[in-house]
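Residue numbers (this note's numbering): 11 to 375.
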Ligand SMILES: Cc1cc2nc3c(=O)[nH]c(=O)nc-3n(C[C@H](O)[C@H](O)[C@H](O)COP(=O)(O)OP(=O)(O)OC[C@H]3O[C@@H](n4cnc5c(N)ncnc54)[C@H](O)[C@@H]3O)c2cc1C
């Protein structure tokens, strides 16, 4: 039986383990964190990711956490629409997206794996192209090592040396909030160098995020964020006021420069370890799920890892570039640039917006 060690038990690593187990491989996932943390945030899964989850056998379990009807679009600070998404056509053409708590998604993926596949509390120090993995509990060997250990991957070093993540120039706060009134809108609000997003979760809570331009590692508190968004339209100040400072996530936003390969010897990189991208398209996790399915499909073929690289690298890197461009536009801060941007958005028809999404959302395995 072929063997694999997956380094990292996040969305990408767990999905890769599921894909490989489905192909009859014996798999161990090594995850450094002892337990999945329930704090923090939701994740939007678009139709491409839901098709990947279908291929992994858990699409319907995830869809059960989707919202039946929401409106969507982008507003300005005062709440006036800059663009509205044609949700009916989006659902008919591509399938409805799902916003789900990350911990719930990981639960679903992990529950689909056989008992004992995921070993938590094990930190990997190094991997080598001959399939050895040095970790806090010893050394393991396998036919395949999957580097799914995130943007600061240690496995990546064996594939392409040290590659430093690039700071995007903005920072993000995320929270999951109990709000008294129901929210039925999945949208963003764009201001000058600041952005706020919100989406209802199926359990009635609201996932929201605040993004603003800032120097790398700038200190800040939830109260500071509240001040930055004071005066923005309802329910933004109410959401920030209701956030629990102990349960918010704060991350500076980075991406990776385009790698020249995702594979070397017995190693394949996947998810953020391979192509960490800015979150502006909500596609980092979705791309990790696509990677997992294609890796599972490729390993049975001759030159399987070369095939994986050929099928995944151009697409993931194209989406990463697009996501970075959208971030540049969304974070514009000078009044003239913002006025031009907002006018262009008001004039762009919803059909053009959907056409632009097609290359990302139309993916099938
Ligand atoms: C603000 C923000 C919003 C986002 N929103 C979305 C969204 O709406 N939709 C979407 O699709 N994506 C979104 N993303 C991107 C998404 O979160 C990532 O692309 C996705 O989590 C990547 O999954 P991964 O498994 O590759 O990496 P990670 O989630 O980083 O998981 C890596 C795992 O490896 C473990 N690990 C790391 N190093 C080691 C080691 N040395 N030994 C053992 N284990 C190790 C970590 O503990 C972790 O569990 C967002 C990102 C951010 C920052």
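We treat Cβ as the ideally placed atom computed from N, Cα and C, and that holds for glycine.
#### Entry: Limits of the unbroken alpha helix (DSSP H) element including residue 285
282-285
### Query
When every heavy atom of ligand 1 is checked, does at least one fall within less than 6 angstroms of the C-beta of residue 15?
no
#### Entry: Residue ranges of each beta strand (DSSP E) within the region 244-314, 3 or longer
259-265 and 277-279
### Task
Ignore the nearest five residues each way along the sequence and tell me which others in residue 152's own chain have a CB closer than 6 angstroms to its CB.
13, 14, 15 and 141
### Task
Consider the C-beta atom of residue 159 and the heavy atoms of ligand 1; say whether any pair is separated by less than 6 angstroms.
yes
### Message
residue 158 and residue 248 - do their beta-carbons sit closer together than 7 angstroms?
### Response
no
### Query
Within 10 angstroms of its Cβ, does residue 346 collect 16 or more other Cβ (buried), or is it exposed?
exposed
### Query
Quick check: the region 312-320 against the region 354-361, are there 3 or more CB pairs under 8 angstroms?
no
### Query
At a cut-off of 6 angstroms, is residue 142 close to ligand 2 when judged by its beta-carbon and the heavy atoms of the ligand?
Of the ligands this structure carries, namely ligand 1, none is ligand 2.
### Query
Quick one, which of 200, 85, 163 and 62 has its alpha-carbon nearest residue 344's?
200
### Query
Measuring from the CB of residue 341, is there a heavy atom of ligand 1 at a distance below 6 angstroms?
no
### Near ligand 1: residue 133 beta-carbon under 6 angstroms from a heavy atom
yes
### Message
Could you compute how far the alpha carbon of residue 68 sits from the alpha carbon of residue 370?
### Response
21 angstroms
### Message
Just to confirm the assignment, what range does the beta strand (DSSP E) spanning residue 13 have?
### Response
13-17
### Query
For residue 362, does the count of other Cβ atoms within 10 angstroms reach 16, so buried, or fall short, so exposed?
exposed
### Query
Does any heavy atom of ligand 1 sit closer than 6 angstroms to the C-beta of residue 40?
yes
### Query
From 64, 115 and 91, pick the residue whose C-alpha is nearest to that of residue 20; which is it?
115
### Task
Tell me whether residue 208 sits in a helix, a strand or coil according to DSSP, three-state version.
strand
### Query
Nearest-angstrom Cα distance between residue 212 and residue 192?
11 angstroms
### Task
Consider the C-beta atom of residue 164 and the heavy atoms of ligand 1; say whether any pair is separated by less than 6 angstroms.
yes
### Task
In angstroms with no decimal places, state the Cα-to-Cα distance between residue 273 and residue 348.
41 angstroms
### Where the beta strand (DSSP E) through residue 151 begins and ends
148-151
### Query
Are the CB atoms of residue 22 and residue 109 nearer to each other than 7 angstroms?
no
### Query
Any idea what DSSP makes of residue 104, helix, strand or coil?
helix
### Query
If we call anything under 7 angstroms between Cβ atoms a contact, is residue 72 one with residue 66?
no
### Message
What does the alpha-carbon distance come out to for the pair residue 292 and residue 205?
### Response
14 angstroms
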